[in-house]
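Worksheet: one structure, shown below.
2 protein chains.
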Amino acid sequence: MAERAPTIYDVARAAGVAASTVSRAFARPGRVNYATAERIRRVAAELGYRAHPLARELPSGRTHMIGLGVADIGNPFYTEIIRGAQDAATEAGYTLMLTDARESGTREQEGLERALPAVDGLVLATSRMSDSAIRALAKQRPVVVLNRAVADVPSVISDNPDGVRRAVAHLADSGHRDITYLAGPEASWADGIRWRALRELAPGSRRLGPYAPSVSGGAEAAADLARQPAGAVLAYNDAMAIGLIRRLTAMGARVPRDVSVVSFDNIEAAELVTPALTTVAAPLRAMGRTAVTTVLAIADGAVPRTTGPLVLPSRLVVRASTAQRSRNRTSPAWGTTNAPGSSRRTEAGSR
Amino acid sequence: MAERAPTIYDVARAAGVAASTVSRAFARPGRVNYATAERIRRVAAELGYRAHPLARELPSGRTHMIGLGVADIGNPFYTEIIRGAQDAATEAGYTLMLTDARESGTREQEGLERALPAVDGLVLATSRMSDSAIRALAKQRPVVVLNRAVADVPSVISDNPDGVRRAVAHLADSGHRDITYLAGPEASWADGIRWRALRELAPGSRRLGPYAPSVSGGAEAAADLARQPAGAVLAYNDAMAIGLIRRLTAMGARVPRDVSVVSFDNIEAAELVTPALTTVAAPLRAMGRTAVTTVLAIADGAVPRTTGPLVLPSRLVVRASTAQRSRNRTSPAWGTTNAPGSSRRTEAGSR
DNA sequence: GGCGGGACGGCAAGCGGTTGCCACATGTTG
DNA sequence: CAACATGTGGCAACCGCTTGCCGTCCCGCC
Chain A
1 MAERAPTIYD VARAAGVAAS TVSRAFARPG RVNYATAERI RRVAAELGYR AHPLARELPS
61 GRTHMIGLGV ADIGNPFYTE IIRGAQDAAT EAGYTLMLTD ARESGTREQE GLERALPAVD
121 GLVLATSRMS DSAIRALAKQ RPVVVLNRAV ADVPSVISDN PDGVRRAVAH LADSGHRDIT
181 YLAGPEASWA DGIRWRALRE LAPGSRRLGP YAPSVSGGAE AAADLARQPA GAVLAYNDAM
241 AIGLIRRLTA MGARVPRDVS VVSFDNIEAA ELVTPALTTV AAPLRAMGRT AVTTVLAIAD
301 GAVPRTTGPL VLPSRLVVRA STAQRSRNRT SPAWGTTNAP GSSRRTEAGS R
Chain B
1001 MAERAPTIYD VARAAGVAAS TVSRAFARPG RVNYATAERI RRVAAELGYR AHPLARELPS
1061 GRTHMIGLGV ADIGNPFYTE IIRGAQDAAT EAGYTLMLTD ARESGTREQE GLERALPAVD
1121 GLVLATSRMS DSAIRALAKQ RPVVVLNRAV ADVPSVISDN PDGVRRAVAH LADSGHRDIT
1181 YLAGPEASWA DGIRWRALRE LAPGSRRLGP YAPSVSGGAE AAADLARQPA GAVLAYNDAM
1241 AIGLIRRLTA MGARVPRDVS VVSFDNIEAA ELVTPALTTV AAPLRAMGRT AVTTVLAIAD
1301 GAVPRTTGPL VLPSRLVVRA STAQRSRNRT SPAWGTTNAP GSSRRTEAGS R
């Protein structure tokens, strides 16, 4: 294994030039006579020379890596963000370094601090860390937060209030006025924003939770919902909506006939479950990409915009989990009985 | 930003010792007088000193990073592998560097070659690269392949033949003898193994495909299947099974009453769709973990076992996509009509 | 009292690149 | 023909940390 890779010195000796010339032949085209450079390149190729990235980066201090912290790799919400971020990083000649927090604030902080000195910048996607902890990181390296606004730290978010507005409008079209919000993690910035927007747009709304932002969290919510039935639910994310609907269905409620459900994120499974979810889709890919380009720009000396977060538009994907409000909502059949409900065929979602 | 981080020299000056002493105070406890070390640690903490990882690694030649190449981060199949790998890496004090190939062999090779000089070892999960290309990589760095056997390269795989055996046995229990295999990517090693195992265990089996290992690939397969109906299907992976079932249902077939479907991987969505999938589950987490520990062992000088791949057991998770063979299979109602079929309630899966 | 040896700290040589500065050769200009 | 600009290559000093080797000091023992 690893015969010790050839270095510029090996190449230099073989080509009969100085090491610095070899270095320049690669790093500074034009600085070196074309014929010489060509010869060096040939010799280097023969020797199978590749610049040692660590060594290259030591003098410049730049590692050409940017860190991306996510709360949970398994959460499909992040996959598009990761893709977008990776695209942008690759295009800029950077490598992405993923840090998985596994939904734990301390693990997140630990992992990030470990990665910090090795990266030129950091993108924090849905961080569970405190604002001040994030600011502390931002003092050491360029940081961009995603899906969250932190004072004095540049951030990229989707238009949550607008998403809520679309959801509310869609539900209102179907006759739903009072909406029950199923809250996600308290540490989630998006959670707060969404609830605030909802309360403003639909003052009759109420809030349940918080629940874990997962299928089981949604199932838990179903139990609470049974005690205080509702015709329309806005769930913190798709996973919760899925859990909610499953449990509700098991309890005998029919979705969407008895309860309309709208959630957030538009993960892949949203289209696969029955009924397919009506959900607010954030421009995940674009957000990941934007976050990385922003971090890179700051690392290159750009002055971060201080005029608040960069807001990208979201859209509502209407599928089968929402429907016209049923007439007789006075005494819901579910929550008391246990009869199996019917389910509804999946319909194709938008794009 | 980044006031230039303090170095050992800064710490050394502040503590009134030589830089080498600072270095040893951290790296070689005991080598330095306890009181001195304590003082150095205190001063370092005050200054906010953190060892620059690049600089630390240059002399030793070890980067303390290990690369993990996956075909597609978005594929839920990899998330458990990633978790297992990350666990093992973190425990050993290593950082994981993910490389996403996006299902493209050339992109994979490119990304891997870029990462290669920066890592101490490489884990290739379901690589689409050729055996010889992998062997070439393995000559430069410790490499372990996952879900695939490559001669002369250590590998970790799940027991595919045993998985197929369990699937076949389960289907046989329900009266299914002839099984249609829905093939995945031709470059997939697992695909070949599975088909071979199936043909051996159930000689009456037939093979359709190859299809893309995705929901849409499964939908495509449904069209072919309609032309040559079958009572039992073994699909290359869960995503294909989901696509297959959706399209089949849309065409009027009832799953599992008309067609039983078994697939591979047991991704999260397998439990969420309707009907929930009966699927062969590989010990993904353990595989990721094992692959990393193996790579690390080799990097530490262990001699890789040459007696073939490390095989981890798989198991069958029985859910709702399989059922007793229906009696009158002579003229299937589906494939010709277009009537909507009924769907079936989801049932809890085993774990 | 002399001496061997262990504990501890410092010196300096790398690790593999990058880069400022200089030297030299050649070409250009007045 | 001198003065000077330009092109091209080499020298050597880093970047921040590790580590082999050496010197000093102190202790214990004969």
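If you read the sequences in order, they're chains A and B. Heads up, the first sequence is in this note's numbering, so the first residue is 1 and it goes up one at a time. Heads up, the second sequence is in this note's numbering, so the first residue is 1001 and it goes up one at a time. Built from N, CA and C at the ideal position, the CB exists for glycine as well.
Please tell me whether residue i has its Cβ less than 9 angstroms away from any Cβ of chain B.
| i | result |
| --- | --- |
| R329 (chain A) | Interpretation of R329 (chain A) is limited by its pLDDT of 49, a score under 50 that renders its predicted location unreliable; the figure taken from the coordinates is listed afterwards. False, the Cβ-Cβ gap to chain B never drops below 9 angstroms. |
| P117 (chain A) | yes |
| R114 (chain A) | yes |
| D10 (chain A) | no |
| D100 (chain A) | yes |
| P185 (chain A) | no |
| T90 (chain A) | yes |
| P76 (chain A) | yes |
How big is the Cα-Cα spacing for residue i and residue j?
| i | j | result |
| --- | --- | --- |
| V295 (chain A) | V143 (chain A) | 6 angstroms |
| R50 (chain A) | D1120 (chain B) | 15 angstroms |
| V1153 (chain B) | D1162 (chain B) | 23 angstroms |
| Y34 (chain A) | A1125 (chain B) | 42 angstroms |
| W1195 (chain B) | D1178 (chain B) | 13 angstroms |
| G1061 (chain B) | L1116 (chain B) | 13 angstroms |
| T330 (chain A) | R254 (chain A) | Reliability fails at T330 (chain A), whose pLDDT of 45 lies under 50, so the model's placement of it is uncertain and the value that follows must be treated cautiously. Each residue's alpha carbon lies about 15 angstroms from the other. |
| A352 (chain A) | L171 (chain A) | Given a span of 1 to 351 for chain A in the structure shown, any question on residue 352 (chain A) remains unanswerable. |
| V156 (chain A) | V17 (chain A) | 49 angstroms |
| L1312 (chain B) | S314 (chain A) | 44 angstroms |
| I1008 (chain B) | Y211 (chain A) | 46 angstroms |
Over the uninterrupted alpha helix (DSSP H) stretch that includes residue i, give me the two end residues.
| i | result |
| --- | --- |
| M251 (chain A) | That residue, M251 (chain A), is in no alpha helix (DSSP H); it is neither H nor E in DSSP. |
| S321 (chain A) | Segment: none, S321 (chain A) is in no alpha helix (DSSP H) and carries neither H nor E. |
| S23 (chain A) | 19-27 |
| V292 (chain A) | 284-299 |
| L1277 (chain B) | Where L1277 (chain B) is concerned, there is no enclosing alpha helix (DSSP H), given that its DSSP letter is neither H nor E. |
| R42 (chain A) | 34-47 |
| A1226 (chain B) | 1215-1227 |
| T79 (chain A) | 77-91 |
| I193 (chain A) | 189-201 |
| T106 (chain A) | 105-115 |
| A167 (chain A) | 160-173 |
Residue i CB to nearest chain A CB: under 9 angstroms?
| i | result |
| --- | --- |
| M1097 (chain B) | yes |
| L1122 (chain B) | no |
| P1161 (chain B) | no |
| A1212 (chain B) | no |
| I1073 (chain B) | yes |
| Q1324 (chain B) | no |
| P1006 (chain B) | no |
| T993 (chain B) | Beyond the ends of chain B as shown, which are 1001 and 1351, falls residue 993 (chain B); an answer cannot be given. |
| G1111 (chain B) | yes |
| V1292 (chain B) | no |
| T1063 (chain B) | yes |
| R1165 (chain B) | no |
| R1083 (chain B) | yes |
Assuming residue i is part of the beta strand (DSSP E), what are its boundary residues?
| i | result |
| --- | --- |
| D1100 (chain B) | 1095-1100 |
| A151 (chain A) | No beta strand (DSSP E) contains A151 (chain A), which DSSP labels as neither H nor E. |
| T7 (chain A) | Unbroken run through T7 (chain A): none, as it is neither H nor E. |
| L312 (chain A) | 310-312 |
| G67 (chain A) | 65-70 |
| A1183 (chain B) | Looking at the DSSP string, A1183 (chain B) is not in any beta strand (DSSP E), and its letter there is neither H nor E. |
Mind reading off the beta-carbon distance from residue i to residue j? Whole number of angstroms is fine, and I expect it under 8 angstroms.
| i | j | result |
| --- | --- | --- |
| S1127 (chain B) | G1218 (chain B) | At roughly 23 angstroms, the Cβ-Cβ gap does not stay under 8 angstroms, so S1127 (chain B) and G1218 (chain B) are not in contact. |
| D1265 (chain B) | A1276 (chain B) | Contact flag wrong, Cβ pair sits at about 14 angstroms. |
| L1208 (chain B) | A1197 (chain B) | With 8 angstroms as the limit, L1208 (chain B) and A1197 (chain B) do not qualify as a contact, their Cβ atoms being about 17 angstroms apart. |
| P76 (chain A) | G48 (chain A) | Not really, about 40 angstroms apart at Cβ, beyond 8 angstroms. |
| A1071 (chain B) | V1292 (chain B) | Incorrect: roughly 18 angstroms between the Cβ atoms, too far for contact. |
| V1233 (chain B) | L1244 (chain B) | 7 angstroms |
| Y1236 (chain B) | P1213 (chain B) | 6 angstroms |
| T322 (chain A) | T278 (chain A) | 4 angstroms |
Are there any heavy atoms of the ligand PLP lying less than 8 angstroms away from the beta-carbon of residue i, as far as the coordinates show?
| i | result |
| --- | --- |
| A281 (chain A) | Absence of the ligand PLP is noted for the structure shown, with no ligands found whatsoever. |
Output, in sequence order along the chain, the residues in the stretch 256-275 of chain A whose CB is closer than 8 angstroms to any CB in chain B. E268, A269, L272, V273, T274
Which residues, in chain order, does the stretch 38-57 of chain A contribute to contact with chain B at a C-beta distance below 7 angstroms? R50, H52, P53, L54, A55, E57
Which residues, taken in chain order from the stretch 122-154 of chain A, show a beta carbon closer than 9 angstroms to some beta carbon of chain B? A138, K139, Q140, R141, P142
Interfacial residues, the stretch 201-225 of chain A to chain B, with Cβ spacing under 9 angstroms: V215
Check distances from the C-beta atoms of the stretch 224-246 of chain A to those of chain B and list, in chain order, the residues that come in under 7 angstroms. I242, R246
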